[in-house]
Ligand code: BV8
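In the numbering used here, the protein residues as written are 3 to 232.
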């Protein structure tokens with residue numbers, strides 16, 4: 003079981019040029035969360051939601067992993083399955099940096115979920131044009147993304163890892179969205195040492211044994227070196 007569990011949020015991808023949700027120029031600009039990140043919003047106006055995710059999927063081709071993603075991938079080269087990355091992000095920057103032990107608890111931009119057969123298929127194209135599901139042929143594809151009010155992926159596997167972790171590190175997340183924001187308390191209750199690396203104190207900073215402020219591109223490589231030398 004992983005000894006170190008790392009939770010990442012939009013802040014780890016910020017230096018790669020992926021907008022975060024809550025900064026001034028956040029992703030939700032021009033869109034209310036209820037309109038683009040809820041099942042109800044999708045039912046009300048599918049085209050707007052499909053277009054919102056099509057634009058974000060296309061933008062992935064214009065961004066690269068940064069030093070923080072790379073530091074976690076290098077750490078995994080040494081720790082192997084002793085390191086698990088649970089990400090709230092739907093981009094593929096952890097994988098492109100070389101991380102393999104990654105759980106996308108809020109889904110992935112590069113997958114499409116069929117509302118007819120329930121199969122999630124790799125998807126780099128658009129969904130606005132209502133393409134056919136590669137599995138069953140139905141024209142019922144949606145982004146394979148967990149919206150508000152939907153159950154995140156792999157919660158059991160994440161809970162088990164948090165119960166076993168000796169260290170829990172939260173990187174680049176505001177601690178505003180549950181259940182991810184509650185992971186620090188779960189890990190701490192089971193004896194883990196908890197560390198927050200974030201540009202500013204998050205809403206849950208007080209739950210951490212230690213909280214360091216700074217850019218992920220600076221703090222994560224430093225922290226990874228500490229882990230390797232202790
Ligand atoms: C659930 C995918 C039940 C979409 C996302 C009423 C009805 C239903 C549910 C609820 C309700 N009230 C509350 C809830 C629960 C709800 C919730 O938490 N709401 C909040 C608003 C109160 N949660 C849910 O609905 C979840 N599901 O509860 O199901 C359940 C629960 C447990 C077990 C079984 C069943 C589903 C939530 C998932 C929603 N989908 N994403 C998409 O991406 O388009 S959430 C989305 O927003 C992200 O994935 C992420 O999780 C969240 C944004 O958070 P962050 O990643 O933290 O980003 P943010 O911009 O907020 O912060 C960035 C941070 O980085 C900042 O602090 C900044 O300072 C820092 N930073 C910036 N630059 C840098 C940096 N740090 C370091 N370096 C830098 N360079």
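All C-beta atoms, glycine included, are put in the ideal place defined by N, C-alpha and C. These figures come from a predicted structure and were not determined experimentally.
Look at the Cβ atom of residue 111, then the Cβ atom of residue 131, and state whether they are nearer than 9 Å.
-> No, the Cβ-Cβ distance between residue 111 and residue 131 is not below 9 Å.
Starting from residue 105, trace the beta strand (DSSP E) both ways and give me its first and last residue.
-> It spans 104–106 - the beta strand (DSSP E) in which residue 105 sits, taken as one unbroken run.
Regarding residue 120 and the ligand BV8, is the C-beta to nearest heavy atom distance less than 8 Å?
-> Checking every heavy atom of the ligand BV8 against the Cβ of residue 120, none is found closer than 8 Å.
Looking at residue 172 and residue 193, is the spacing between their C-beta atoms short of 9 Å?
-> Residue 172 is positioned such that its CB atom lies no closer than 9 Å to that of residue 193.
Tell me the DSSP bridge mates of residue 200?
-> Bridge partners of residue 200: 215.
Count the other CB atoms within 10 Å of the CB of residue 67; is the residue buried (16 or more) or exposed (fewer)?
-> Counting Cβ neighbours within 10 Å, residue 67 comes out buried, since at least 16 surround it.
Can the beta-carbon of residue 129 be found less than 9 Å from the beta-carbon of residue 103?
-> Cβ atoms of residue 129 and residue 103: not closer than 9 Å.
What alpha helix (DSSP H) runs, 4 residues minimum, are completely inside the segment 32–72?
-> The qualifying runs are 35–38, 41–46 and 48–61.
With a 10 Å radius around its C-beta and 16 neighbouring C-beta atoms as the bar for buried, classify residue 152 as buried or exposed.
-> With fewer than 16 other Cβ atoms within 10 Å, it is exposed.
Using only the heavy atoms of the ligand BV8, determine whether one of them is closer than 8 Å to the beta carbon of residue 88.
-> Answer for residue 88: no, Cβ out of range of the ligand BV8.
Measuring from the CB of residue 1, is there a heavy atom of the ligand BV8 at a distance below 8 Å?
-> With the chain covering only 3 through 232, there is no way to say anything about residue 1.
Can you list, in chain order, the residues of its chain whose CB lies under 8 Å from that of residue 205, leaving out five sequence neighbours each side?
-> If we look at residue 205 and ignore the five residues flanking it on each side, its Cβ neighbours are 176, 177, 178 and 183.
Taking the Cβ atom as the reference point for each residue, do residue 109 and residue 148 lie within a distance shorter than 9 Å?
-> Against a cut-off of 9 Å, the Cβ pair of residue 148 and residue 109 comes out as a contact.
Tell me whether residue 195 sits in a helix, a strand or coil according to DSSP, three-state version.
-> DSSP, reduced to helix, strand and coil, places residue 195 within a strand of the structure shown.
Consider the C-beta atom of residue 180 and the heavy atoms of the ligand BV8; say whether any pair is separated by less than 8 Å.
-> True, at least one ligand heavy atom lies under 8 Å from that Cβ.
Beta-carbon proximity of residue 195 to residue 211, cut-off 9 Å | Judged by their CB atoms, residue 195 and residue 211 are nearer to each other than the 9 Å cut-off.
With 16 other Cβ atoms within 10 Å as the buried cut-off, status of residue 34 | Under the 10 Å beta carbon count, residue 34 is surrounded by fewer than 16 other beta carbons and is classified as exposed.
Distance, Cα to Cα, residue 53 vs residue 12?
-> Taking the straight line joining both Cα atoms gives about 20 Å.
With burial defined as no fewer than 16 other Cβ atoms inside 10 Å of the residue's Cβ, what is the status of residue 225: buried or exposed?
-> That one is buried.
Could you say which of 80, 213 and 116 lies nearest to residue 101 if we only look at CA atoms?
-> A check of alpha carbon separations from residue 101 across 80, 213 and 116 identifies 80 as the nearest.
Alpha carbon of residue 62 to alpha carbon of residue 20, nearest angstrom | Just so you know, the alpha carbons of residue 62 and residue 20 end up roughly 8 Å apart.
Taking residue 59 and residue 126 to be in contact with their CB atoms under 8 Å, please state how far apart those CB atoms are, rounded to whole angstroms.
-> Contact between residue 59 and residue 126 holds: their C-beta atoms lie close to 7 Å from each other, under 8 Å.
Count the other C-beta atoms from every protein chain shown that fall within 10 angstroms of the C-beta of residue 146, then say buried if there are 16 or more, exposed otherwise.
-> With 16 or more other Cβ atoms within 10 Å, it is buried.
What is the DSSP secondary structure of residue 8, reduced to helix, strand or coil?
-> DSSP places residue 8 in strand when its eight states are reduced to three.
Can at least three beta-carbon pairs, one atom from the segment 212–219 and one from the segment 68–75, be found at a separation below 8 Å?
-> Under the three-pair Cβ rule at 8 Å, the segment 212–219 counts as touching the segment 68–75.
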